[in-house]
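Worksheet for the structure shown next.
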DNA sequence: TACTGTAGATCAAACGTTTTCCCAAGCTTC
DNA sequence: GAAGCTTGGGAAAACGTTTGATCTACAGTA
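The structure is reproduced here in structure tokens:
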């Protein structure tokens, strides 16, 4: 790596002159200027970022974004939102934990040593202690969980309301025996969704039935199959996410049940690519993920600047109705 | 931001002593050590990354990864591969250009000022001049295109061979009137795919028919519909990507054509989530995207270290056969 | 001649660490 | 009681820039 000094020696001027030419400041004779630029280009000189950041006291903002897996469309959208908010003004250091909690905690712990000015934690499985610890050093934005800490702001989606809405929708479409695939997991969000489902059911004196399920397509398939095989009477299914819903649909089709006429189905997350391609197109609760990422970044900037007015930001989901939940005969 | 000096003053010792304690080096009395650690914690002290990088001459490796859109599963997988190769040893700065070529070029141009040691460019639409320029300053890994430059290595997928394989497969399954949806675009890869298709067709004296198409589902649907409405006789379709294939399938179903018995379909990219959920499951040419990302990062490291042995790395795709291309009656 | 102005270039401090070298005091040891 | 160790601690250089202050010619002016 060449440095200013190298250029200075080759052109027989001082370091400061070189610096001035390269930054277009001060007055330097046309002759030297040309020569300096020539040599700099020839050497492939790039200013040392660290030295520069030190000397000017103004460095470029850098935010760390920690996600459990970038290939999950949810986190990809989140990332996109964060990037959007950063624009030209901030760098995004992406850290994928590959769903490895240990790695994730290590990444979070080390983040502050990498010149990161603030950190966005994409999922809610990290321990409260860790959030508290790290927030003692750098500002943090977390999702789905609220913290009473100075240096932390939370972005939450009203999962309970989303689930409530979806269940109400099924009820209003004439479903009476509605099951929920979900509710397991240590995950806070899936518990919230189960609660919203139960609230809607209880409101109209229907009995909630929650069937535990994993989070992918085959888990949805298996769970639905279990329920059907056990002879359960079902005319509506609310699933904790779209993949589970798609698995459930496969199981339903296998039993020659018609969707939505025999059984209506609603998912959660609204992965458009999936929902619109499946047959029939899947109704789903939409989270404004990209917008959430954008807001996360903006709030982080505020936190970094020291204007921490907001401690919590709640997003309200909306229901996207497609064919999978629209029975022909309305009640 | 607190610094070593602050801690030193509060504990009435020298800066060097504080540094030694915080780094666990040198010998310091237990009493001072405790006190220094206490104050450091209380102040929420974090070492200045830039100052540290300067003083030690060993900074952490930082790679810039430029993608046209992270929400595209292809680039998400690529990112994952890059992350994997980076492990604990390197930071990934992700830059999404939102499919805006201008922004992309600006990002690439500026990358070297951000302490980035090397850059991975995720798509092949950037100008050759830019690649040449930037490679004069930092190492570059690009995809899909070969450059005769010192500081550049290319990762290419043998698109032509993938397309050839897919087309051969259709032929061997008894298709004779095979069309290709693709071949438009300035994109090098889609041209390559069209060439592979043509090669396979010509080899057995079948007439290639290439129908121009965009790159999403509705583009595939429209293109297929155009062909069917024009009364074309078709018993096989090879599509330039999976989304186009899914659109084509929708158009075929609309005309009550059975897949694969009336028309066999093969896609490209093998987006598993999509291919396995669609009915019938879609055969597709698989690119080892994640692995490509991994190799890209590894080759970049070599380049940064100065061991630039390899200039080009070719991946061979493989065909994943699912139901959409398996006619019952084999020829 | 002496003064002022100015273009062109350099000096030196500063940014926050790390790390090598050095010093002082106290302790052994013969 | 001098020589040698050990322990605890500080001074200062170095990392590569930036930037305000300063210096030097030399031209113009009175």
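Protein chains in written order, with the working numbering: chain A, 53 to 383; chain B, 53 to 383.
Think of the CB as a built atom: it goes at the ideal place given N, C-alpha and C, for glycine as much as any other residue.
Source: prediction; values computed, not measured.
With a cutoff of 7 Å on beta-carbon distance, residue 208 of chain A and residue 196 of chain A are scored as near each other.
When Cβ-Cβ separations below 7 Å define contact, residue 129 of chain A makes contact with chain B. Think of a sphere of 7 Å around the beta carbon of residue 101 of chain A: the chain B residues whose beta carbon falls inside it are 165, 166, 167, in chain order.
In the structure shown, the three-state DSSP call for residue 242 of chain A is helix. Rounded to the nearest whole angstrom, the C-alpha separation of residue 146 of chain A and residue 128 of chain A is 11 Å. In the same chain as residue 66 of chain B, and ignoring 5 residues on each side of it, the C-beta atoms closer than 8 Å to its own belong to 60, in chain order.
Looking at the DSSP output, residue 195 of chain A shares a beta bridge with A:207.
Taking 7 Å as the cut-off, the Cβ atoms of residue 63 of chain B and residue 91 of chain B count as close. Fewer than three pairs of CB atoms, one per stretch, sit closer than 8 Å, so the segment 317-333 of chain B makes no contact with the segment 177-184 of chain B. For residue 370 of chain A, DSSP records a beta bridge to A:338. Residue 106 of chain A: member of the alpha helix (DSSP H) spanning 101-107, first to last residue. Under DSSP, no beta-bridge partner is assigned to residue 311 of chain A. Residue 144 of chain B reaches chain A at 145, 146, counting residues in chain order whose Cβ is nearer than 7 Å. Inter-segment contact for the segment 228-237 of chain A and the segment 274-291 of chain A is present: three or more beta-carbon pairs are separated by less than 8 Å. At least one CB atom of chain B sits nearer than 7 Å to the CB of residue 98 of chain A. Looking at the backbone, the Cα of residue 318 of chain A and that of residue 336 of chain A are separated by about 5 Å. Counted as a single uninterrupted DSSP element, the stretch harbouring residue 87 of chain A is not any beta strand (DSSP E) but the alpha helix (DSSP H) occupying residues 82-95. Per the coordinates, the alpha-carbon of residue 144 of chain A lies some 17 Å from the alpha-carbon of residue 139 of chain B. By the CB criterion at 7 Å, residue 321 of chain B and residue 359 of chain B fall outside the cutoff.
For the segment 182-215 of chain B, the set of residues with a beta-carbon nearer than 8 Å to any beta-carbon of chain A comprises 188, 189, 190, in chain order. In this structure, the beta-carbon distance from residue 215 of chain B to residue 267 of chain B does not fall below 7 Å. Considering only beta carbons, the part of the segment 105-116 of chain B lying closer than 8 Å to chain A consists of 105, 106, 111, 112, in chain order. Judged by beta-carbon spacing, residue 159 of chain A lies within the 7 Å limit of residue 118 of chain A, meaning their Cβ atoms are closer than that value. Within 9 Å of the CB of residue 326 of chain A, the CB atoms of chain B belong to 325, 326, 329, in sequence order along the chain.
By a beta-carbon distance limit of 8 Å, residue 192 of chain B does not contact residue 168 of chain B. Their separation comes to about 11 Å. In the displayed model, residue 112 of chain A falls within coil according to three-state DSSP, outside both helix and strand. According to the DSSP assignment, residue 171 of chain B belongs to the beta strand (DSSP E) that extends over 170-173. Within the same chain, 194, 195, 196, 197, 239, 240, 241 come within 8 Å of residue 176 of chain B by CB-CB distance, once the 5 residues on both sides are set aside.
Per DSSP, residue 276 of chain A is one residue of the alpha helix (DSSP H) stretching across 269-281.
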